[in-house]
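Trainee: Each residue of the sequence shown is one higher than the last, beginning at 1 in full-length UniProt numbering.
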Amino acid sequence: MNLGKQVIYQAYPRSFKDTSGNGIGDLKGIKEKIPYLKGLGIDMVWLNPFFISPQNDNGYDIADYYHVDPAFGTDEDLDDLISEMDKAGIKLMFDMVLNHTSTEHEWFKKALDGDEKYQNYYYIREGKDGGYPTNWQSKFGGPAWNEFGDTGKYYLCLFDKTQADLNWHNPDLRDELYKIVNYWIDKGIDGFRFDVLNVIGKDQILEDSSGIESEEKKLYTDTPIVHKWIRELNNHTFGKNPEIITVGEMSSTNIENSIMYSSAEGNELSMVFNFHHLKVDYENGDKWTDARFDFSKLKDTLNKWQVEMQEGGGWNALFWNNHDQPRANNRFGDVENFPYETATMLAQTIHMMRGTPYIYQGEEIGMTDPDFKAIDDYKDIESHNAYKKLLESGKSEAEALNIIKKKSRDNSRTPMQWDDTENAGFTSSEPWIAVNDNYKTINTKKAMADRSSVYFYYRKLIELRKDENIISDGLYFPILEDDDKIFAYIREYEGEVLINMNNFSSDYVEVNLENILEDYDKFTYLLGNLGERKIEKIIKLAPYESLAFIKRV
């Protein structure tokens, strides 16, 4: 399979389309929108977890890996969706959460009942010195340990206290996880996104950290045994079918490990998600701050991952948005003055890179962050924990809410905006989280009726990736690396050359191509968000303009 030709669409089921009237998106809603997905031109749909769950972390706390949570429909609905997707020629990618289970999972309940077999499925430890087993902190705030019933012991929970980390050192546990993956392969699933996969490699003996967050993460992130276990997972499950696409969500990873995770020779995964480019608006590494993004850092990070993954034979998942991130157009552009230009420029920047592009629901029509007025408008547990911590640090309620508005995961979780009717056509009742107020002007019905919309620009980008080998398979070379407003690069493939220039500012910026391109006059227009242009020695890019030229053999 040519990964460079694939384009994957992420549907967040809870917020995609509700057909039952309970305010929560469901599997029938995804089935209903298959024609829309087909029309966009994507190859695969990644679905966030819809398995049985108490929903403390919106489904990433799985209580049963084999059955559909009633909020999303029935097992029969899922079988029907798999069948209809197959008929439409769209592949399905499931989200596998194999680092932890819900404390409502049968394994954890049996462990609480005293079954030693299942206690060995988790990290259950004695406290020390009257406190927790280690000083580790949860990624959602607070200690990474919680009381294990009335035993006087504690279980590890790197995320929410209802998400108990699994002990991959136990071969019986690993066999159970492999059975789960194989069950869904046998059901016809064509891909898997593995949640926080690079943190499964905790040691058997857990030790205190220095207390510095970055140092603490090294105790359980990208450890050598992770590669061994992923190769084993590959060997026992999806590795038997080369057509299955896999992507690992790799938290705080590095390029060296990501090459090993994703190189063809490594027998691990197809590609990796890394998030370094989405941390360039963190102040001193702290997500919960109101800081403008650092353009130079953004450009350097993206270029570094492109070049070094290319040199090492690794493969990148290309993305700006997902269910855990605020909308990229709010972060890196100007949605008030240049909404179309921002959305299309960001899209072209990513879609002409080396890797596999991912589109998160709504970005293809230019959806934006909502303008929520109160903390109670947010549902995300991480956001509420952060708000409380911000208040404790001395922030006023207004200051704390402003930071949540900028960084909350719920920014991307508002319902998909289908039309301009009540609740944006998402549901016939009150949605689980409020619809963005701008749904009357930003929705798919309006976008699909306008050939000059963001939606049609995404369609063109997808078509080009399939038609142009230079985009899917070409080498990547950064240019204008020191420019403080332009992000540009060159792709090369079998004598062809493509240049893509993207203005990340609200200023007009001149680019001198004479010293960059050989035979620049032989380049012809390929795509631009402000329309067709002829190449010149000096090109003046308008605010948030994206422009690509190609020289063919």
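Cβ coordinates follow ideal geometry from the N, Cα and C atoms, glycine included. Keep in mind that this is a model prediction, so the values were computed, not measured.
On the CB-based measure, 16 or more other CB atoms within 10 Å of its CB, does K33 come out buried or exposed?
Mentor: As a working note, residue 33 is residue 33 in the sequence shown. By the neighbour-count rule (16 or more Cβ atoms within 10 Å), K33 is buried.
Trainee: Is N205 buried or exposed, if buried means 16 or more other CB atoms sit within 10 Å of its CB?
Mentor: In the sequence shown, residue 205 corresponds to position 205, counting from 1. Before going on, a small fix: residue 205 reads as Ile here, not Asn. Classification of I205: exposed, given that the 10 Å Cβ count is below 16.
Trainee: Under the three-state reduction of DSSP, which class applies to L46: helix, strand or coil?
Mentor: Here the question's residue 46 lines up with position 46 in the sequence shown. It is worth fixing the name first, because residue 46 is Trp in this sequence and not Leu. Note: W46 maps to strand in three-state DSSP.
Trainee: Determine the contact status of D376 and D437, defining contact as a CB-CB distance below 9 Å.
Mentor: Walking along the sequence shown from the start, residue 376 turns up at place 376. Walking along the sequence shown from the start, residue 437 turns up at place 437. No.
Trainee: Any chance you could list the beta strand (DSSP E) runs of at least 3 consecutive residues sitting entirely within the segment 268-296, in chain order?
Mentor: You should have 271-273.
Trainee: May I have the straight-line CA-CA distance separating Y476 from I490, to the nearest angstrom?
Mentor: As a working mapping, residue 476 is identified with position 476 in the sequence shown. As a working mapping, residue 490 is identified with position 490 in the sequence shown. Roughly 6 Å separates the two Cα atoms.
Trainee: With T74 as the anchor, note down where its alpha helix (DSSP H) starts and where it stops.
Mentor: In the sequence shown, residue 74 corresponds to position 74, counting from 1. No alpha helix (DSSP H) contains T74, which DSSP labels as neither H nor E.
Trainee: Quick one: what's got a C-beta closer than 6 Å to L480's C-beta in the same chain, skipping five residues either side?
Mentor: Locating residue 480 in the sequence shown gives position 480, counting from the first residue. I486, A488.
Trainee: Does the distance from the C-beta atom of G23 to that of P431 stay below 9 Å?
Mentor: By one-based count along the sequence shown, residue 23 stands at place 23. By one-based count along the sequence shown, residue 431 stands at place 431. Yes, the pair counts as a contact, with Cβ atoms nearer than the cut-off.
Trainee: Can you tell which of S472, S214, K117, W136 has its C-alpha closest to the C-alpha of L173?
Mentor: Position 173 of the sequence shown, counted from the first residue, corresponds to residue 173. Minimum Cα distance to L173 is reached at K117.
Trainee: Evaluate contact between the segment 454-467 and the segment 346-366, counting only Cβ atoms and requiring at least three cross-stretch pairs below 8 Å.
Mentor: At 8 Å Cβ cutoff, the stretches touch.
Trainee: Go through its chain and collect everything with a Cβ distance to I245's Cβ below 6 Å, but skip five positions before and after it.
Mentor: As a position in the sequence shown, residue 245 is number 245, starting the count at 1. Contacts found: G191, S270.
Trainee: Tell me, which residues are paired with N500 by DSSP?
Mentor: Counted from its first residue, the sequence shown places residue 500 at position 500. Partner(s): Y489, A548.
Trainee: Measure the C-alpha to C-alpha separation of A295 and M353 and round it to an integer number of angstroms.
Mentor: Sequence index remark: in the sequence shown, residue 295 carries index 295 (1-based). Sequence index remark: in the sequence shown, residue 353 carries index 353 (1-based). The amino acid at residue 295 is misidentified as Ala; the sequence shows Phe. Approximately 18 Å between the Cα atoms of the pair.
Trainee: Please state whether DSSP places G531 in a helix, a strand or coil.
Mentor: Residue mapping note: residue 531 aligns to position 531 of the sequence shown, counting from 1. Coil at G531, not helix or strand.
Trainee: Can you give the Cα-Cα distance for A88 and L197, rounded to whole angstroms?
Mentor: Counting from 1 along the sequence shown, the entry for residue 88 is found at position 88. Counting from 1 along the sequence shown, the entry for residue 197 is found at position 197. Using only the alpha carbons, I get a separation of about 30 Å.
Trainee: So, helix, strand or coil for L318, using DSSP?
Mentor: Within the sequence shown, numbered from 1, the residue matching residue 318 stands at position 318. L318: strand per DSSP, three-state reduction.
Trainee: Touch check for the segment 160-177 and the segment 95-105: three-plus C-beta pairs under 8 Å?
Mentor: Enough Cβ pairs lie closer than 8 Å, so yes.
Trainee: Can you pull the DSSP bridge partners for R459?
Mentor: Residue numbering aside, residue 459 sits at position 459 when the sequence shown is read from its first letter. Looking at the DSSP assignment, R459 forms no beta bridge with any residue, so it has no partner.
Trainee: Give a yes or no on contact between the segment 306-317 and the segment 496-505, applying the rule of three or more CB pairs nearer than 8 Å.
Mentor: Touching, no.
Trainee: Would you tell me roughly how many angstroms separate the C-alpha atoms of D222 and N257, rounded to the nearest one?
Mentor: Here residue 222 refers to the residue found at position 222 when the sequence shown is read from its first residue. Here residue 257 refers to the residue found at position 257 when the sequence shown is read from its first residue. D222 and N257: Cα-Cα distance of roughly 7 Å.
Trainee: Grab the span of the beta strand (DSSP E) containing K540 for me, first residue to last.
Mentor: Taking the sequence shown and counting its residues from 1, one reaches residue 540 at position 540. Looking at the DSSP string, the run of the beta strand (DSSP E) that includes K540 is 538-541.
Trainee: Using DSSP with H/G/I as helix, E/B as strand and the rest coil, what is E147?
Mentor: One-based indexing of the sequence shown puts residue 147 at position 147. Looking at E147 - three-state DSSP - the assignment turns out to be strand.
Trainee: Beta-carbon within less than 6 Å of M85's beta-carbon, same chain only, minus the 5 sequence neighbours each way: which residues are those?
Mentor: As a first step, residue 85 is located in the sequence shown; it is residue number 85 there, counting from the start. L92.
Trainee: Would you tell me roughly how many angstroms separate the C-alpha atoms of K405 and N411, rounded to the nearest one?
Mentor: Residue mapping note: residue 405 aligns to position 405 of the sequence shown, counting from 1. Residue mapping note: residue 411 aligns to position 411 of the sequence shown, counting from 1. In a straight line, the C-alpha of K405 is about 7 Å away from that of N411.
Trainee: Are there three or more Cβ pairs, one per stretch, closer than 8 Å when the segment 320-328 is compared with the segment 355-375?
Mentor: With a cut-off of 8 Å, the segment 355-375 and the segment 320-328 count as touching, because enough Cβ pairs lie within range.
Trainee: Please check the pair residue 554 and A548, which I expect to be a contact at CB under 8 Å, by giving their CB distance rounded to whole angstroms.
Mentor: Since the displayed the chain opens at 1 and closes at 553, residue 554 lies outside it and no answer follows.
Trainee: What residues in its chain sit with their C-beta under 6 Å from that of L233, if we drop five residues either side in the sequence?
Mentor: Position 233 of the sequence shown, counted from the first residue, corresponds to residue 233. Here the set comprises nothing.
Trainee: To the nearest whole angstrom, what separates the beta carbons of E545 and E268, a pair I think is in contact under 8 Å?
Mentor: Taking the first residue of the sequence shown as position 1, residue 545 is located at position 545. Taking the first residue of the sequence shown as position 1, residue 268 is located at position 268. About 39 Å; that fails the 8 Å criterion.
Trainee: Please give me, in chain order, every unbroken run of the alpha helix (DSSP H) with length at least 4 that falls completely inside the segment 185-218.
Mentor: Taking only runs of at least 4 residues, the alpha helix (DSSP H) segments lying wholly in the segment 185-218 are 213-217.
Trainee: Which residue from L298, G312, Y525, E207 puts its Cα closest to that of R331?
Mentor: Numbered from 1 along the sequence shown, position 331 holds the residue referred to as residue 331. Checked all of L298, G312, Y525, E207; the closest Cα to R331 is L298.
Trainee: Pull up the distance between the alpha-carbon of G313 and that of Q306, whole angstroms please.
Mentor: Start at 1 with the first residue of the sequence shown, and residue 313 comes out as number 313. Start at 1 with the first residue of the sequence shown, and residue 306 comes out as number 306. Rounded to the nearest angstrom, the two C-alpha atoms are 11 Å apart.
Trainee: Assuming contact is defined by CB atoms lying nearer than 9 Å, are L27 and D80 in contact in what I supplied?
Mentor: For the purposes of this step, residue 27 is taken as residue 27 along the sequence shown, with counting starting at 1. For the purposes of this step, residue 80 is taken as residue 80 along the sequence shown, with counting starting at 1. Yes, the Cβ-Cβ distance between L27 and D80 is below 9 Å.
Trainee: Can you give me the C-alpha to C-alpha distance between Y493 and F16, rounded to a whole angstrom?
Mentor: What you label residue 493 is simply residue 493 of the sequence shown in a count that begins at 1. What you label residue 16 is simply residue 16 of the sequence shown in a count that begins at 1. The straight-line gap from Cα to Cα measures roughly 38 Å.
Trainee: Quick one: residues in its chain with C-beta nearer than 7 Å to the C-beta of S383, no 5 flanking neighbours on either side, listed in chain order?
Mentor: Indexing the sequence shown from 1 puts residue 383 at position 383. Within the same chain, S383 has close Cβ partners I404, S408, R409, D410.
Trainee: Using the C-alpha atoms, what's the distance from V272 back to M262?
Mentor: As a position in the sequence shown, residue 262 is number 262, starting the count at 1. As a position in the sequence shown, residue 272 is number 272, starting the count at 1. A small fix is needed here, since residue 262 is Ser in this sequence, not Met. So the alpha carbons of these two residues sit roughly 7 Å apart.
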